[in-house]
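One structure is given here, and the rest of the page talks about it.
Residue numbers (full-length UniProt numbering): 1 to 297.
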């Protein structure tokens, strides 16, 4: 298949590109910036075959042009909680209008495979079952889910959305919840690091996220679906312990605000809809992340 990955130059996009290219799919990345050395390093030799389009996800014409000739779209483009808080209008243009542009492009071009990123941020801090966000980021993501349902009802465009909780692994280096990944990087380098938030949350290893997106992309869904990707629910003390299992003298601390969303959102129907997905343990994921940082140039 020819696959468009919006926001494909980021952390999850690079690991997904590695998986898709390794299985022989043709890839086009739509990004706002040039490809990075980190993208090339994660994807490896196949990075040279990835077509790169630079543009703004809020520009509907640019999104449609990027989607021309594609069989499916994986929509990853977005900005995280701090950016949405700092500039809610720009956050809405990227996260919500950008998603509408993806669905409009699919409608115009007859693309019937859409996999997109929502977030566990749609849940507020006090309700683990009913989405009730208290951040602009979570509100925009929840609106995207509603719009996906509207595109199915109005135009028959099917989709699968995912609500990853805290995704970690080699290359996750931006955003408040990059803390576990940055702790692994610091431990691998012998540096001191403070995880900048307090609390318990679901941590999902990037390989598991990629496996879910890939499984969804290979399906021909009927309807507009959304699934939680919570991974393993752990505390930051558990993260530090897992890091110190690999690097006993790691200088990792914890400080900062409590996360503004629920601790355990559960998997729901994820594995019934997409059977066979992996579930990497925290200790194995942390070990693999540290090993990759140790091996990095």
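Just so you know, even glycine gets a beta-carbon here, dropped at the ideal spot from N, CA and C.
Is residue i helix, strand or coil when you go by DSSP?
{"i": "residue 58", "result": "coil"}
{"i": "residue 222", "result": "coil"}
{"i": "residue 180", "result": "helix"}
{"i": "residue 140", "result": "helix"}
{"i": "residue 156", "result": "coil"}
{"i": "residue 301", "result": "The structure shown does not extend to residue 301, since the chain is modelled only from 1 to 297, so the question has no answer here."}
{"i": "residue 316", "result": "Only positions 1 to 297 of the chain appear in the structure, and residue 316 is not among them; the question remains open."}
{"i": "residue 4", "result": "strand"}
{"i": "residue 145", "result": "helix"}
{"i": "residue 258", "result": "strand"}
{"i": "residue 44", "result": "helix"}
Just to confirm the assignment, what range does the beta strand (DSSP E) spanning residue i have?
{"i": "residue 201", "result": "200 to 205"}
{"i": "residue 277", "result": "Run containing residue 277: none; DSSP gives neither H nor E here."}
{"i": "residue 26", "result": "26 to 31"}
{"i": "residue 169", "result": "Premise fails: residue 169 is in no beta strand (DSSP E) and is neither H nor E."}
{"i": "residue 233", "result": "232 to 235"}
{"i": "residue 247", "result": "Neither: residue 247 is in no beta strand (DSSP E) and is coded neither H nor E."}
{"i": "residue 134", "result": "Per DSSP, residue 134 belongs to no beta strand (DSSP E) and is neither H nor E."}
{"i": "residue 72", "result": "72 to 75"}
For the alpha helix (DSSP H) that residue i lies in, which residues bound it at each end?
{"i": "residue 13", "result": "11 to 22"}
{"i": "residue 193", "result": "Not the alpha helix (DSSP H): residue 193 falls in the beta strand (DSSP E), residues 192 to 195."}
{"i": "residue 82", "result": "81 to 86"}
{"i": "residue 293", "result": "282 to 295"}
Compute the Euclidean distance between the alpha carbons of residue i and residue j, then round it to the nearest angstrom.
{"i": "residue 165", "j": "residue 281", "result": "15 Å"}
{"i": "residue 261", "j": "residue 121", "result": "6 Å"}
{"i": "residue 290", "j": "residue 188", "result": "6 Å"}
{"i": "residue 94", "j": "residue 60", "result": "11 Å"}
{"i": "residue 179", "j": "residue 24", "result": "33 Å"}
{"i": "residue 230", "j": "residue 17", "result": "22 Å"}
{"i": "residue 72", "j": "residue 111", "result": "6 Å"}
{"i": "residue 128", "j": "residue 49", "result": "42 Å"}
{"i": "residue 221", "j": "residue 137", "result": "26 Å"}
{"i": "residue 144", "j": "residue 239", "result": "31 Å"}
{"i": "residue 117", "j": "residue 249", "result": "37 Å"}
{"i": "residue 28", "j": "residue 52", "result": "6 Å"}
{"i": "residue 272", "j": "residue 191", "result": "42 Å"}
{"i": "residue 149", "j": "residue 158", "result": "8 Å"}
{"i": "residue 146", "j": "residue 181", "result": "31 Å"}
{"i": "residue 243", "j": "residue 183", "result": "8 Å"}
{"i": "residue 279", "j": "residue 40", "result": "26 Å"}
{"i": "residue 266", "j": "residue 275", "result": "16 Å"}
{"i": "residue 293", "j": "residue 215", "result": "27 Å"}
{"i": "residue 102", "j": "residue 196", "result": "33 Å"}
{"i": "residue 307", "j": "residue 264", "result": "The question about residue 307 has no answer, for the chain in this structure spans 1 to 297."}
{"i": "residue 156", "j": "residue 69", "result": "20 Å"}
{"i": "residue 255", "j": "residue 30", "result": "36 Å"}
{"i": "residue 268", "j": "residue 212", "result": "14 Å"}
{"i": "residue 89", "j": "residue 56", "result": "15 Å"}
{"i": "residue 194", "j": "residue 172", "result": "16 Å"}
{"i": "residue 270", "j": "residue 227", "result": "6 Å"}
{"i": "residue 284", "j": "residue 241", "result": "12 Å"}
{"i": "residue 219", "j": "residue 113", "result": "8 Å"}
Do the CB positions of residue i and residue j come within less than 8 Å of each other?
{"i": "residue 125", "j": "residue 142", "result": "no"}
{"i": "residue 258", "j": "residue 204", "result": "no"}
{"i": "residue 345", "j": "residue 286", "result": "The question about residue 345 has no answer here: the residues shown for the chain are numbered 1 through 297."}
{"i": "residue 3", "j": "residue 32", "result": "no"}
{"i": "residue 169", "j": "residue 76", "result": "no"}
{"i": "residue 176", "j": "residue 82", "result": "yes"}
{"i": "residue 186", "j": "residue 252", "result": "yes"}
{"i": "residue 79", "j": "residue 115", "result": "no"}
{"i": "residue 106", "j": "residue 67", "result": "yes"}
{"i": "residue 98", "j": "residue 58", "result": "yes"}
{"i": "residue 208", "j": "residue 277", "result": "yes"}
{"i": "residue 85", "j": "residue 6", "result": "no"}
{"i": "residue 35", "j": "residue 210", "result": "no"}
{"i": "residue 163", "j": "residue 235", "result": "no"}
{"i": "residue 140", "j": "residue 62", "result": "no"}
{"i": "residue 223", "j": "residue 152", "result": "yes"}
{"i": "residue 14", "j": "residue 43", "result": "yes"}
In chain order, each alpha helix (DSSP H) run of at least 4 residues that lies wholly inside the stretch 89 to 132: 98 to 109
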